[in-house]
Amino acid sequence: MAHSVVRHQQSHFEREMLELVRQALTKAFGRSVQAESRSTIITSAHSISLLKIDWDGEPAFVAIEVIRTAYPRDIHGVLWRLDALELAMPGTLIKLIAAAHLSPGAKSTLKDKGYAFFERSGSLFLHTEKMLINIECPSTSSARSHSIDLFTEARERAVHGLLKNASQWMAGADLAEQARTSTYTCSVVLQELERREWCESQGAGRTKRRRLVQPGKLLDEWAEHWRQRDVNRSRWYTFVEHPRLLIDRLSELVKESGVDFPWAFTGAAAANIYAPLLTHVDSAEIIVPPGYATILGTTLNMKPAPKGSNVTIVERGGASLQFRECSPLHSPYFASPYIQYLDLLDGRGRNKELAIHLRERLEQKWVTA
């Protein structure tokens, strides 16, 4: 491909980023770094700027393309353009991407492929045969504004559906039907995950299908959002002869009372049935839709018990009651194992230990799916 050297009208953002890169390199090298008076244009939409460094008495150039925010799939075109420039320029050339924000995955990809990078926060990585510069600074939170919020109530249902079908190829319409949300919502979620390279795709148009390949990363991000939520919890007491019989007793009460709204067991008692670990759990948690805690408590003839409770009722919507399951040994509904896992992250009692055990069970499913 032919390359032309022409003037390029840089944006304020590009000029700012190039000056920050120049300052960072000057400080790191301990010598002056000068900007070249030209930019190399590979396409009409992209420019690569050059900085000149005195490299042990010989000039070396740093080729820089500036972008705003990047996940792994966003940088492939940039790498191709920098590689093409390297073929056209003699001498030492350091290829560098400068961005307001680079995701951890993008940074890892650049390091693995031998490219330098600079992030507006001050992070700088440059590795050659002669030196290694690795300055790490916390990424700025403003980068989140460039990402899609995956955990609105509707999108969370699509996320839950993907985790339930981890490693399986799915069309957007199939996911929408299972998750009971719109195809548009599923499309937004799938596009964002594909951009992050957490899912892969095949086909095009109506035949396009995707599958989740990084369920652990998706679950970890969901857990981060889950911990930040405020939900209504009320504590109740019901008599039971032995704590081991609590789930069975509550199940009987629900059946006898004819509860006609969705509900499900969650927390330690439920998780310990799904993935047994603890000898016994002496309390239970039940999820109900917002506004139904008092209705359930009074229907089951339980007593409000701020102290000495053995039942906690959690009011929560979204994906909490999605994909409920029945245990082979118990007739009632249990929240999906993903909801159970998220609810165990509160750190109470031995919940952390049980969460790790349940996570291992989920990861085994991802491998065998």
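First residue of the sequence shown: 8, per the working numbering; consecutive thereafter.
Yeah, the Cβ is synthetic: ideal placement off N, Cα and C, and Gly gets one too.
- Taking a cut-off of 8 angstroms on C-beta distances, the stretch 347-359 does not touch the stretch 202-218, as fewer than three cross pairs fall below it.
- Residues of the same chain with a CB within less than 6 angstroms of the CB of E332, apart from the 5 flanking positions on each side, are F341 in chain order.
- If you draw a 10 Å sphere on the C-beta of R203, you find 16 or more other C-beta atoms in it, and that means buried.
- W243 is bridged by DSSP to P311 and V318.
- Exposure of Y191 is indicated by the presence of fewer than 16 other C-beta atoms within 10 angstroms of its C-beta.
- Counting of Cβ neighbours within 10 angstroms places I363 among the exposed residues, the total staying below 16.
- Around the Cβ of T135, a 10 Å sphere holds fewer than 16 other Cβ atoms; the residue is exposed.
- Contact check for A123 against L133 passes: the beta carbons are separated by less than 8 angstroms.
- Between the stretch 300-308 and the stretch 282-290 there are fewer than three C-beta pairs closer than 8 angstroms, too few to call the two in contact.
- In the DSSP assignment, D237 falls outside any beta strand (DSSP E) and carries neither an H nor an E.
- In this structure, V266 lies away from A276, with their beta-carbon atoms at least 8 angstroms apart.
- By the 16-neighbour rule on beta-carbons within 10 angstroms, T116 is buried.
- Contact check for G112 against Y78 passes: the beta carbons are separated by less than 8 angstroms.
- V73 is the residue among S290, A291 and V73 whose C-alpha sits nearest the C-alpha of E126.
- A residue is called buried when at least 16 other Cβ atoms come within 10 angstroms of its Cβ; P222 meets this threshold and is buried.
- Collapsing the DSSP output to three states places M177 in a strand.
- In this structure R242 is not in contact with T301, their Cβ atoms being roughly 12 angstroms apart against a cut-off of 8 angstroms.
- Of the residues G298, D61, G84 and D81, the one whose Cα lies closest to the Cα of G98 is D61.
- Pairwise C-beta distances place the stretch 171-189 out of contact with the stretch 249-266, as fewer than three of them are shorter than 8 angstroms.
- With at least 16 other beta carbons inside 10 angstroms of its own, S327 counts as buried.
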